[in-house]
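Encoded as structure tokens, the structure appears first; notes follow it.
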Amino acid sequence: MKIRVYYEDTDAGEIVYHSNYLNFCERARSEMFFEKGLSPHGDNEFFVASKLEANFISSAKLGDMLTVTTKLIESKRASLTIMQEISKDGKIIYSQKVRLAFLKNNKPSAIPQEQLNILTGDDNV
Numbered sequence: 099m100k101i102r103v104y105y106e107d108t109d110a111g112e113i114v115y116h117s118n119y120l121n122f123c124e125r126a127r128s129e130m131f132f133e134k135g136l137s138p139h140g141d142n143e144f145f146v147a148s149k150l151e152a153n154f155i156s157s158a159k160l161g162d163m164l165t166v167t168t169k170l171i172e173s174k175r176a177s178l179t180i181m182q183e184i185s186k187d188g189k190i191i192y193s194q195k196v197r198l199a200f201l202k203n204n205k206p207s208a209i210p211q212e213q214l215n216i217l218t219g220d221d222n223v
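Numbering of the sequence shown is given in the working numbering, commencing with residue 99 and proceeding in unit increments.
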């Protein structure tokens with residue numbers, strides 16, 4: 099997914115504020131669902147981040163065009179772990195490893211196959 103850095107994403111020095119890298123990754127995950135005509139949040143069913151490891155490598159600035167990629171690392175019954183990377187001009191500037199737990203009625207639940215297919219990039223959805 100492509101994301102342009104806007105003024106609202108930056109600090110006074112026109113450098114992307116650190117928490118916005120997480121927002122960019124969240125947008126990319128949501129967009130995976132929206133592209134299929136679905137929502138990442140259903141009737142009392144949704145993913146929550148339960149663990150996050152972030153690696154800030156380099157900075158993005160106002161006007162930069164960024165690319166966010168998502169790759170499944172591990173899938174379990176009620177959670178999965180993905181790696182997301184943000185690159186600028188083909189060079190990785192940020193990466194995060196995030197564990198997402200699937201909740202139904204606010205309790206851990208098996209991830210529906212349709213949801214899993216979207217996050218794995220399986221086109222059979």
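Cβ coordinates follow ideal geometry from the N, Cα and C atoms, glycine included.
Note that the structure is predicted; figures quoted are calculated from it, not measured.
Check whether residue i and residue j have beta carbons under 8 Å apart
i, j, result
"K205", "T179", "no"
"I191", "K159", "no"
"L198", "F131", "no"
Assumed close pair residue i, residue j - CB separation to whole angstroms, cut-off 8 Å
i, j, result
"D187", "V103", "Contact flag wrong, Cβ pair sits at about 13 Å."
Sequence-distant residues of its chain with Cβ nearer than 7 Å to residue i (five each side left out)
i, result
"V223", "Reliability fails at V223, whose pLDDT of 40 lies under 50, so the model's placement of it is uncertain and the value that follows must be treated cautiously. Excluding residues within five positions, the ones whose Cβ falls inside 7 Å are K134, E212, N215, I216."
"F122", "I101, L164, V166, I184"
One or two residues paired with residue i in a DSSP bridge
i, result
"P138", "The partner list for P138 (beta bridge, DSSP) is empty, contrary to what the question assumes."
"N153", "S193"
"E226", "Past the edges of the chain, shown from 99 to 223, lies residue 226, and the structure says nothing about it."
Residue i in three-state terms, based on DSSP
i, result
"M60", "Within the shown structure, residues of the chain are numbered from 99 to 223, placing residue 60 beyond reach of any answer."
"E212", "helix"
"R125", "helix"
Other residues of its chain near residue i: CB distance less than 8 Å, five sequence neighbours each side excluded
i, result
"A208", "R175, A176, F200"
Same chain, Cβ closer than 6 Å to residue i, five either side skipped, listed in chain order
i, result
"D107", "V114, N118"
"E172", "T179"
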